[in-house]
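Worksheet: the structure to be examined is printed underneath.
The following block contains the structure:
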């Protein structure tokens, strides 16, 4: 059985848990990271020299980096669904996974850490608000690209929706000023119709 190391409140672990649930892949999960430790133990560092989560072990194959794991699981278990057969649609899904990592995550992560994992008396609200504005600007690109689409790579749900969808929830769960983005909001509502999304991603922020 596939093994997964990671804590459920990690957005990168949530991506993997969501993918596993969409694909109906059984797994065993071990809490790791932050208060759970584990990531600095020698056995873990041999698997993942970065000492971060998530890491999976699948029949002797060890893989880390959440987007790589989502791609691997989608290719292995979701050909024709999460892993589009059409090369162009697959590249489109892939593009949005990379965009999430390169554009959304660097802007949204400081907002999350500032509001959720920093004591109120130590928060730099000016910096948090500036970063939140960057996220809103980034999501303008998603707003434009969702015209005529239900999901990022077209009508159907694919692996491209998983990393981005996890950050979309975090964006709407944070107490920040957001621009009006009707297509993004409708996209978020469609994601909420998916039981695995509600179970693994829509958790209280911590």
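Numbering (this note's numbering), first residue to last: 1409 to 1614. Don't be surprised by glycine CBs; every beta carbon is placed ideally from N, CA and C.
State buried or exposed for residue i, treating a residue as buried only when at least 16 other CB atoms are found within 10 Å of its CB.
i	result
residue 1422	buried
residue 1569	buried
residue 1447	buried
residue 1500	buried
residue 1444	exposed
residue 1592	buried
residue 1590	exposed
residue 1533	exposed
residue 1537	exposed
residue 1505	buried
residue 1515	buried
residue 1491	buried
residue 1409	exposed
residue 1470	exposed
residue 1488	exposed
residue 1540	buried
residue 1561	buried
residue 1495	exposed
Please list the terminal residues of the continuous alpha helix (DSSP H) segment that includes residue i.
i	result
residue 1491	Premise fails: residue 1491 is in no alpha helix (DSSP H) and is neither H nor E.
residue 1431	1419-1431
residue 1466	First-last for residue 1466: 1463-1466, but that is the beta strand (DSSP E), not the alpha helix (DSSP H).
residue 1606	1603-1608
residue 1593	1590-1599
residue 1572	1569-1581
residue 1454	1450-1455
Tell me the residue span of the beta strand (DSSP E) that contains residue i.
i	result
residue 1469	1469-1472
residue 1460	Per DSSP, residue 1460 belongs to no beta strand (DSSP E) and is neither H nor E.
residue 1437	1435-1438
residue 1585	Unbroken run through residue 1585: none, as it is neither H nor E.
residue 1410	1410-1413
Between residue i and residue j, how many whole angstroms is the CB-CB distance? I'm expecting something under 8 Å.
i	j	result
residue 1578	residue 1416	Rounded, the Cβ-Cβ distance is 14 Å, inconsistent with contact.
residue 1522	residue 1587	With a Cβ gap of about 19 Å, residue 1522 and residue 1587 do not count as contacting.
residue 1685	residue 1424	The structure shown does not extend to residue 1685, since the chain is modelled only from 1409 to 1614, so the question has no answer here.
Name the residue from the options whose alpha carbon lies nearest to the alpha carbon of residue i.
i	options	result
residue 1510	1588, 1575 and 1440	1575
residue 1472	1414, 1519 and 1520	1414
residue 1439	1462, 1426, 1431 and 1455	1462
residue 1546	1512, 1411 and 1459	1512
residue 1430	1610, 1465 and 1481	1481
residue 1436	1486, 1412 and 1611	1412
residue 1584	1558, 1607, 1563 and 1524	1524
residue 1459	1465, 1450, 1466 and 1572	1450
residue 1519	1581, 1426 and 1456	1581
What does DSSP give as the partner residue(s) for residue i in the beta ladder?
i	result
residue 1562	1559
residue 1530	In DSSP, residue 1530 forms no bridge with anything.
residue 1523	Beta-bridge pairing links residue 1523 to no other residue.
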